[in-house]
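Peer 1:
There are 2 protein chains.
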Amino acid sequence: MNDYQPSDRTTLNRRPQRGHYDRATVHAILDAGLIGHVGFVENGLPVVTPTIYWRDGGRVYFHGSIASRTIRAAAEGVPICLTVSHLDALVVARGAFYHSVNYRSVIAYGSARLVEDEAEKLAAMRRLIERLYPGRWDEIRPPNDAELGAMDVVYLDLKEVSAKVRSDTPSDLPGDLNRPAWAGLVPIAQAAGAPIPSETLAPEVPLPDYLARFGFTRNHL
Amino acid sequence: MNDYQPSDRTTLNRRPQRGHYDRATVHAILDAGLIGHVGFVENGLPVVTPTIYWRDGGRVYFHGSIASRTIRAAAEGVPICLTVSHLDALVVARGAFYHSVNYRSVIAYGSARLVEDEAEKLAAMRRLIERLYPGRWDEIRPPNDAELGAMDVVYLDLKEVSAKVRSDTPSDLPGDLNRPAWAGLVPIAQAAGAPIPSETLAPEVPLPDYLARFGFTRNHL
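If you're matching them up, the sequences are chains A and B in order.
Those letters in the first sequence? Residues 20 to 240, per the numbering used here, in order.
Those letters in the second sequence? Residues 20 to 240, per the numbering used here, in order.
1. Give the interface partners of ARG113 (chain A) over in chain B, defined as CB-CB distance under 8 Å, in chain order.
2. State the start and end residues of the unbroken beta strand (DSSP E) segment that holds ILE175 (chain B).
3. Based on the DSSP output, what are the partners of VAL67 (chain B) in its beta bridges?
4. At a Cβ threshold of 8 Å, is PRO65 (chain A) touching chain B?
5. Please list, in chain order, the chain A residues whose beta carbon lies closer than 8 Å to that of ALA142 (chain B).
6. Of all the CB atoms in chain B, is at least one closer than 8 Å to the CB of LEU240 (chain A)?
7. Would VAL45 (chain B) and VAL180 (chain B) be called neighbours here (beta carbons separated by less than 8 Å)?
8. Between the alpha carbons of THR29 (chain B) and CYS100 (chain B), how many angstroms are there, rounded?
9. Are there 16 or more other CB atoms within 10 angstroms of the CB of ASP191 (chain A), so buried, or fewer, so exposed?
10. Residues in the stretch 211-227 of chain A with C-beta within 9 Å of chain B's C-beta atoms, listed in sequence order?
11. Smallest Cα separation from ALA200 (chain A): which of B:GLY168, B:VAL172, B:LEU175 and B:ARG160?
12. Do we get a CB-CB distance below 8 Å when we pair ARG146 (chain B) with the residues of chain A?
13. Is PRO153 (chain A) close to chain B? Criterion is C-beta to C-beta, closer than 8 Å.
14. Would ILE59 (chain B) and VAL110 (chain B) qualify as a contact pair, given that the criterion is a beta-carbon distance under 8 Å?
15. Please list the partners that ALA86 (chain A) has in chain B, where partner means a Cβ-to-Cβ separation under 9 Å.
16. Does the contact criterion of 3 or more C-beta pairs under 8 Å hold for the stretch 220-227 of chain A versus the stretch 214-230 of chain B?
17. So, does the CB of ARG198 (chain B) fall closer than 8 Å to a CB anywhere in chain A?
18. Using only CA atoms, which one of A:ALA93, A:GLY52 and A:ALA92 lies nearest to TRP73 (chain A)?
19. Where LEU177 (chain B) and ALA93 (chain B) are concerned, what is the direct C-alpha to C-alpha distance, given to the nearest angstrom?
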């Protein structure tokens with residue numbers, strides 16, 4: 020797998036050791052998340068909205084109502100910035116200034132494109148569902164024409180993209196190490212709890228395996 | 020507490036029932052998080068970067084290196100959009116189209132201001148530390164002049180701000196309810212694991228109470 024090529028915008032000037040441009044790192048950070056933040060410019064002003072996203076190869080997809088201004092802007096091809104961030108730990112140091120967090124983030128710039136082909140749109144929806152719930156697509160009712168028509172799917176080709184990672188212990192000054200203040204990391208992760216059945220669910224419908232895997236402590240999405 | 024006043028940009032046209040403008044809701048969503056996403060326009064293009072933030076009254080603060088382009092832009096007063104999002108549940112429906120997520124988000128627009136007064140800057144840093152670790156400020160070494168000078172603290176007055184919340188069961192169509200596919204919610208939360216002491220920590224330094232509270236399953240930040 021080739022690396023992504025750094026650009027002026029994606030090159031880290033401060034702490035360059037935190038920057039990563041290889042596909043494996045960028046893709047793994049994207050695949051570890053579900054909600055990204057899409058920024059675009061509207062009337063000269065910045066707008067940032069949260070959105071569900073999913074990756075397929077070198078593309079990141081997102082979708083929404085055809086009435087959503089983020090989706091409308093993206094479908095029109097206006098420049099966007101898609102940012103995905105994971106908080107991994109609180110970094111607890113002896114010096115106030117050295118308190119920090121461990122994190123992984125990806126920033127991708129570019130212009131999105133609308134998925135116009137109906138079969139391709141359906142296939143993209145299927146990938147979103149199957150990514151979260153492997154095997155589920157065949158159990159549910161697929162979107163009908165009205166539902167498909169109410170929603171747009173767009174994608175961003177990953178080209179101008181970089182990852183930034185801090186994964187380290189506190190970087191206290193040597194002179195602070197003997198201070199009697201606790202120092203270390205508090206790990207943070209997104210956790211899934213046990214599935215809660217809908218009140219309208221018939222009792223004979225079993226919890227599928229792809230959901231039974233949730234409900235454990237610290238089980239990452 | 021007065022409500023925030025909806026503006027054209029913060030008024031939800033679709034699903035207006037998801038919009039909230041009261042201070043209690045907006046502030047609670049902000050206070051439940053640590054990482055926000057700041058958008059701004061640079062050379063006409065959108066940039067979105069993750070940042071630690073903290074609230075004090077009707078202000079949201081964030082900080083960073085004086086060399087950070089996000090901090091430089093914010094300190095110069097360019098328009099920003101600060102967005103904070105929490106993923107609360109996967110919404111698992113019988114119809115593909117009705118799969119969704121429960122979430123809480125806040126979007127705040129405006130121009131940030133630089134905290135110029137040194138004492139005010141130090142007080143803001145103290146609030147950030149004390150918000151996460153009550154009582155810690157008196158145990159750690161406060162920032163020296165060089166450290167304070169290397170960092171800027173900025174704030175956004177909350178004025179044009181709104182919250183958006185989905186907190187509901189799957190909204191399947193009546194005709195889909197008898198489909199033999201599991202439906203319900205998978206709760207999601209940010210969880211903190213047990214603190215991991217730094218290798219350089221002297222064994223006699225105890226884990227403080229404000230960290231001992233971490234390490235439980237589903238303990239929200």
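Where a beta carbon is used, it is the ideal one built from N, C-alpha and C, also for glycine.
Peer 2: This is what the structure holds:
1. Neighbours of ARG113 (chain A) in chain B, taken as residues at a C-beta separation under 8 Å, are given in chain order as ILE159 and ARG160.
2. Checking the sequence, you will find Leu at residue 175 (chain B) rather than Ile. From DSSP, the beta strand (DSSP E) with LEU175 (chain B) extends over 170-176.
3. B:GLY58
4. Taking Cβ atoms only, chain B reaches closer than 8 Å to PRO65 (chain A), which makes this a yes.
5. The contacting residues do not exist; ALA142 (chain B) stays about 12 Å from chain A at best.
6. Caution is warranted here: a pLDDT of 39 is assigned to LEU240 (chain A), below 50, making its placement in the model unreliable, and the coordinate value is therefore given only provisionally. LEU240 (chain A) has a beta carbon lying within less than 8 Å of a beta carbon in chain B.
7. Yes, the Cβ-Cβ distance between VAL45 (chain B) and VAL180 (chain B) is below 8 Å.
8. 11 Å
9. buried
10. ALA211, GLY212, ALA213, PRO214, ILE215, PRO216, SER217, GLU218, THR219, LEU220, ALA221, GLU223, VAL224, PRO225, LEU226 and PRO227
11. When the alpha-carbon of ALA200 (chain A) is set against those of B:GLY168, B:VAL172, B:LEU175 and B:ARG160, the nearest one is in B:ARG160.
12. For ARG146 (chain B), not one C-beta of chain A is nearer than 8 Å to its own C-beta.
13. So, not an interface residue.
14. According to the sequence as given, residue 59 (chain B) is Phe; it is not Ile. Contact flag unset, no.
15. ASN32 and ARG33
16. As far as the Cβ criterion goes, the stretch 220-227 of chain A does not touch the stretch 214-230 of chain B, which means the pair count is below three.
17. yes
18. A:GLY52
19. 15 Å
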